[in-house]
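**Q** Pasting a structure below so you can have a look.
Residue numbers (this note's numbering): 178 to 683.
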């Protein structure tokens with residue numbers, strides 16, 4: 178089975194390889210992956226200064242995350258969208274690696290095949306803590322719960338960043354989780370080792386994944402480090418399983434915005450920019466550039482392309498003869514004016530940025546209790562961008578383990594009402610644990626009362642009435658997941674809820 182909507186995007190060029198898997202459970206998964214990949218492709222160049230490649234790769238991924246938040250603020254129907262990102266940037270004899278989510282990166286070097294990336298999933302955390310065996314992960318009810326992704330979930334997501342020294346001949350495989358969900362690492366290693374041609378390697382992996390009945394789209398990129406970069410892009414090979422509609426000759430036009438007349442122009446600008454470098458682009462990112470069917474992505478990418486082109490061309494367009502004659506006079510007024518303008522812009526950006534943070538809420542821990550905060554869970558130096566809004570009587574230590582982990586990493590909310598619903602969901606979990614359902618049993622019969630007043634005798638119905646509360650499910654938008662299973666209640670209930678349960682049954 179192949180999904181009708183492809184949420185994957187990928188790019189491979191001479192120096193850059195990126196795979197992004199949009200969160201398929203949300204309407205904007207394809208937009209999130211396409212926007213992120215297209216925001217990174219301008220990094221596909223050489224001759225970075227020392228340390229510059231690693232910094233730019235990390236910074237651009239964080240910028241892509243900010244742009245996703247902007248898209249959500251303009252289009253609320255995209256709320257909750259997110260994407261994984263796994264990227265490689267080659268600079269000389271160093272390879273910079275950045276990763277977030279559950280897409281994977283494998284490396285074959287010096288006859289050793291190993292997984293370089295770490296899955297940012299709930300089950301992987303349990304494995305790392307020794308509470309779950311790796312063979313149990315595939316059948317765990319929370320195997321699809323992601324703990325870290327890009328998107329409308331975190332203002333500053335934590336990336337895994339590494340730098341590797343490369344040698345000619347080593348191979349890297351980047352893939353979305355559709356591959357490793359069907360094929361085990363042993364089979365993947367054998368194909369990467371034994372298949373000399375990169376495209377044949379990718380095709381074989383895709384065919385085996387299809388034959389295994391992949392439940393998800395799969396995107397695969399295989400790159401090989403070479404001493405020189407030939408024009409035919411022998412260092413890269415990439416493909417993706419097409420969506421079912423595309424396989425039948427149909428187009429997937431399920432986008433949040435209808436194409437406008439300017440969309441084709443924006444898509445054409447992106448295509449012209451990409452045509453200046455050899456590359457392979459697939460998935461939702463290719464759909465955005467080739468057909469303009471994701472106009473919100475093409476518009477944003479075109480704006481960034483225009484800004485970068487103006488920046489790069491500014492110096493080269495100044496005539497040298499005229500500059501020598503008037504440079505002294507210009508500098509006397511240009512520098513103060515520029516500094517003044519930049520100061521005003523900086524103040525405006527900081528003010529608007531802070532104002533935006535005060536429209537957000539999140540649920541986190543405060544003095545061992547669950548609390549609601551106004552703002553975002555970030556700091557700028559000594560300045561906190563949030564403050565305590567409401568404190569509850571729910572002890573974090575009494576929450577189920579899964580909920581404790583969520584509260585520890587903070588639960589973002591769109592507004593105060595949303596945050597209060599999250600708190601009530603947590604309170605419902607405690608009540609469910611404090612008052613488990615019990616089979617009603619009749620009370621032992623007692624001697625008849627000597628009192629003639631019927632109101633003095635206890636009601637038999639009240640002794641048989643169970644007082645359990647049903648478990649409440651959490652809001653799917655409270656966590657960046659492909660699917661949002663109900664967390665299992667496994668911790669002791671809060672003392673206040675336990676007392677309520679005893680009062681009702683006494």
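C-beta: ideal position from N, C-alpha, C; glycine also.
(1) Within the same chain, show all residues whose beta-carbon is closer than 8 Å to that of residue 241, passing over the 5 residues directly before and after it, in chain order.
(2) Of the choices 455, 256, 463, whose alpha-carbon is the least far from that of residue 200?
(3) Taking its Cβ as the centre, do 16 or more other Cβ atoms sit within 10 Å of residue 249, making it buried, or is it exposed?
(4) Would the beta-carbon of residue 589 fall within 9 Å of that of residue 539?
(5) Can you say whether residue 572 is buried or exposed, counting buried as having 16 or more other CB atoms within 10 angstroms of its CB?
(6) Which ranges would you report for the beta strand (DSSP E) in the region 336-369 if only whole runs of at least 3 residues count?
(7) Should the region 396-403 be regarded as contacting the region 340-355, the criterion being three or more beta carbon pairs within less than 8 Å?
(8) Would the region 452-467 and the region 184-196 be scored as touching if the rule is three or more Cβ pairs under 8 Å?
(9) Helix, strand or coil for residue 389 per DSSP?
(10) What is the rounded straight-line gap between the Cα of residue 567 and the Cα of residue 594?
(11) If we ignore side chains and look at the alpha-carbon of each, how far apart do residue 344 and residue 578 end up?
(12) Is it the case that the Cβ atoms of residue 205 and residue 252 are separated by a distance below 9 Å?
(13) By Cβ distance below 7 Å, which residues in the same chain neighbour residue 552 in space, the five residues on each side in sequence not counted?
(14) Please state the DSSP three-state secondary structure of residue 232.
(15) How about residue 290 and residue 369: are their beta carbons less than 9 Å apart?
(16) Which residue comes first and which comes last in the beta strand (DSSP E) that contains residue 262?
(17) Near residue 245, which residues of its chain fall below 8 Å by C-beta distance, leaving aside the five closest residues on each side in sequence?
(18) Is DSSP giving residue 221 helix, strand or coil here?
(19) Spatial neighbours of residue 596 within its chain, please: CB distance less than 6 Å, with the 5 preceding and 5 following residues excluded, ordered by chain position.
(20) Would you mind sorting residue 580 into buried or exposed? The rule is 16 or more other CB atoms within 10 Å of its CB.
(21) Does the Cβ of residue 283 have 16 or more other Cβ atoms within 10 Å, making it buried, or fewer, making it exposed?
(22) When the distance is taken between beta carbons, is residue 386 closer than 9 Å to residue 346?
(23) Between the region 374-382 and the region 295-315, do at least 3 Cβ pairs fall closer than 8 Å?
(24) On a CA-only basis, which of 592, 603, 555, 586 is nearest residue 570? Give me that one, please.
(25) Report yes if the C-beta distance between residue 461 and residue 279 is below 9 Å; otherwise report no.
(26) Would you kindly report the start and end of the unbroken beta strand (DSSP E) that includes residue 467?
(27) Taking only beta-carbon positions, decide if residue 293 is within less than 9 Å of chain B.
(28) Note down the Cα distance separating residue 273 from residue 325, rounded to an integer number of angstroms.
(29) Tell me which residues share the same chain as residue 334 and place their Cβ nearer than 8 Å to its Cβ, disregarding the 5 neighbours each side in the sequence.
(30) Leaving out the 5 sequence neighbours to the left and right, which residues in its chain are closer than 7 Å to residue 235 when beta-carbon positions are compared?
(31) Find out if the Cβ-Cβ distance for the pair residue 447, residue 468 is shorter than 9 Å.
(32) Answer with buried or exposed for residue 294, where buried requires no fewer than 16 other C-beta atoms within 10 angstroms of its C-beta.
(33) Assuming residue 342 and residue 270 form a contact by the criterion Cβ under 8 Å, report the distance between their Cβ atoms to the nearest whole angstrom.
(34) Could you tell me which of 254, 247, 266 sits nearest to residue 228, measuring between CA atoms?
(35) Helix, strand or coil for residue 394 per DSSP?
**A** In brief:
(1) Counting from one through the chain shown, the residue named residue 241 turns up at place 64. Cβ neighbours of residue 241 beyond the five flanking positions: 212, 213, 216, 217, 262, 327.
(2) Numbered from its first residue, the chain shown carries residue 200 at position 23. Considering only alpha carbons, the answer is 256.
(3) Here residue 249 is taken as the residue at index 72 of the chain shown, counted from 1. When all chains shown are included, residue 249 counts as buried.
(4) Sequence index remark: in the chain shown, residue 589 carries index 412 (1-based). Sequence index remark: in the chain shown, residue 539 carries index 362 (1-based). Cβ distance < 9 Å, so residue 589 and residue 539 count as in contact.
(5) The residue given as residue 572 occupies position 395 in the chain shown. Buried: at least 16 other Cβ atoms inside 10 Å.
(6) 337-342, 348-352
(7) Using a C-beta cut-off of 8 Å, the region 396-403 makes contact with the region 340-355, since at least three inter-stretch Cβ pairs fall below that distance.
(8) Contact check between the region 452-467 and the region 184-196: three or more CB pairs, one atom from each, fall below 8 Å, which counts as touching.
(9) For this step, residue 389 is matched to residue 212 along the chain shown. If DSSP states are grouped into helix, strand and coil, residue 389 belongs with coil.
(10) Taking the chain shown and counting its residues from 1, one reaches residue 567 at position 390. Taking the chain shown and counting its residues from 1, one reaches residue 594 at position 417. Cα-Cα distance, rounded: 12 Å.
(11) Taking the chain shown and counting its residues from 1, the one referred to as residue 344 is at position 167. Taking the chain shown and counting its residues from 1, the one referred to as residue 578 is at position 401. Their backbone Cα atoms lie some 44 Å apart in a straight line.
(12) Residue mapping note: residue 205 aligns to position 28 of the chain shown, counting from 1. Residue mapping note: residue 252 aligns to position 75 of the chain shown, counting from 1. Contact check for residue 205 against residue 252 passes: the beta carbons are separated by less than 9 Å.
(13) Mapped onto the chain shown, residue 552 falls at position 375. So the qualifying residues of the chain are 534, 535, 537, 562, 563, 564.
(14) For the purposes of this step, residue 232 is taken as residue 55 along the chain shown, with counting starting at 1. Helix, per DSSP.
(15) Counting from one through the chain shown, the residue named residue 290 turns up at place 113. Counting from one through the chain shown, the residue named residue 369 turns up at place 192. Taking 9 Å as the Cβ cut-off, residue 290 and residue 369 qualify as a contacting pair.
(16) Here residue 262 refers to the residue found at position 85 of the chain shown. Residues 262-268.
(17) Taking the chain shown and counting its residues from 1, the one referred to as residue 245 is at position 68. 209, 212, 213, 258, 259, 260, 327, 328, 329.
(18) Counting from one through the chain shown, the residue named residue 221 turns up at place 44. The answer is coil: DSSP assigns residue 221 none of H, G, I, E or B.
(19) In the chain shown, residue 596 corresponds to position 419, counting from 1. These residues qualify, in order along the chain: 538, 540, 549, 590.
(20) Taking the first residue of the chain shown as 1, we reach residue 580 at position 403. It counts as buried.
(21) Locating residue 283 in the chain shown gives position 106, where the first residue counts as 1. Buried: at least 16 other Cβ atoms inside 10 Å.
(22) As a first step, residue 346 is located in the chain shown; it is residue number 169 there, counting from the start. As a first step, residue 386 is located in the chain shown; it is residue number 209 there, counting from the start. Cβ distance not < 9 Å, so residue 346 and residue 386 don't count as in contact.
(23) The count of Cβ pairs closer than 8 Å, one atom from the region 374-382 and one from the region 295-315, stays below three, leaving the stretches out of contact.
(24) Residue 570 sits at position 393 when you count from the first residue of the chain shown. Considering only alpha carbons, the answer is 603.
(25) Here residue 461 refers to the residue found at position 284 when the chain shown is read from its first residue. Here residue 279 refers to the residue found at position 102 when the chain shown is read from its first residue. No, the pair does not count as a contact, with Cβ atoms beyond the cut-off.
(26) Residue mapping note: residue 467 aligns to position 290 of the chain shown, counting from 1. If you look at residue 467, you'll find it isn't in any beta strand (DSSP E); it sits in the alpha helix (DSSP H) that goes 461-467.
(27) The structure shown contains no chain B; it is built from a single protein chain.
(28) The residue given as residue 273 occupies position 96 in the chain shown. The residue given as residue 325 occupies position 148 in the chain shown. One C-alpha to the other measures close to 20 Å.
(29) Numbered from 1 along the chain shown, position 157 holds the residue referred to as residue 334. So the list reads 239, 242, 277, 325, 326, 327, once near-sequence residues are dropped.
(30) Here residue 235 refers to the residue found at position 58 when the chain shown is read from its first residue. Around residue 235, the same chain offers 275, 336, 338 as residues with beta carbons nearer than 7 Å, after the five sequence neighbours per side are excluded.
(31) The sequence position of residue 447 within the chain shown is 270, counting from 1. The sequence position of residue 468 within the chain shown is 291, counting from 1. No, Cβ-Cβ distance for residue 447 and residue 468 is not below 9 Å.
(32) Numbered from 1 along the chain shown, position 117 holds the residue referred to as residue 294. When all chains shown are included, residue 294 counts as buried.
(33) Taking the chain shown and counting its residues from 1, one reaches residue 342 at position 165. Taking the chain shown and counting its residues from 1, one reaches residue 270 at position 93. Indeed, because the Cβ distance is near 6 Å, the residues count as touching under 8 Å.
(34) In the chain shown, the residue the question calls residue 228 occupies position 51. The shortest C-alpha separation from residue 228 is found at 266.
(35) To locate residue 394, count along the chain shown from 1; it is residue 217. Coil at residue 394, not helix or strand.
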